[in-house]
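Asker: Take 415 as the starting number for the sequence shown in this note's numbering and just add one per residue. Handing you this structure, nothing more for now.
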Amino acid sequence: MKSTTAENFSDNLSEMIDELIKSNEQLKVTTETGNVVVLSESDYKGIMETLRIYSNSQEKEKIIEGLHTTIDDCVLEDEINRNNL
Numbered sequence: 415m416k417s418t419t420a421e422n423f424s425d426n427l428s429e430m431i432d433e434l435i436k437s438n439e440q441l442k443v444t445t446e447t448g449n450v451v452v453l454s455e456s457d458y459k460g461i462m463e464t465l466r467i468y469s470n471s472q473e474k475e476k477i478i479e480g481l482h483t484t485i486d487d488c489v490l491e492d493e494i495n496r497n498n499l
């Protein structure tokens, strides 16, 4: 994770925000009293969705079950598309 001072972040706010959005990286902004992390809205939403899924035991179990599913037990995308038409 990249790091910058609050002063540098303030001086280059627009450019740094644009870069964070494009790169999907996070930026640690340091101050004398503590630090903050700045991230794109997309990254934030992804984190929140991950937390929501993992806080729901049923969804978490479905994901774990899916991880143990063999390729032979999976349904082809073409079959799903044909059945939804």
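Note that beta-carbon positions come from the ideal geometry of N, C-alpha and C, so glycine has one too.
Any idea what DSSP makes of Ser-417, helix, strand or coil?
Answerer: The sequence position of residue 417 within the sequence shown is 3, counting from 1. Strand.
Asker: Assuming Lys-416 and Leu-441 form a contact by the criterion Cβ under 8 Å, report the distance between their Cβ atoms to the nearest whole angstrom.
Answerer: Here residue 416 corresponds to residue number 2 of the sequence shown, with the count starting at 1. Here residue 441 corresponds to residue number 27 of the sequence shown, with the count starting at 1. With a Cβ gap of about 5 Å, Lys-416 and Leu-441 count as contacting.
Asker: Would you grab the beta carbon distance between Thr-418 and Val-443 for me? Rounded to a whole angstrom, and I think it's under 8 Å.
Answerer: In the sequence shown, the residue the question calls residue 418 occupies position 4. In the sequence shown, the residue the question calls residue 443 occupies position 29. So it is a contact: roughly 6 Å between Cβ atoms.
Asker: What's the C-alpha gap between Ile-485 and Lys-476?
Answerer: Along the sequence shown, one-based indexing puts residue 485 at 71. Along the sequence shown, one-based indexing puts residue 476 at 62. Cα to Cα, the separation comes out at about 16 Å.
Asker: Out of Gly-480, Tyr-468, Asp-457 and His-482, which one is the CA nearest neighbour of Glu-439?
Answerer: Locating residue 439 in the sequence shown gives position 25, counting from the first residue. Closest by alpha carbon: Asp-457.
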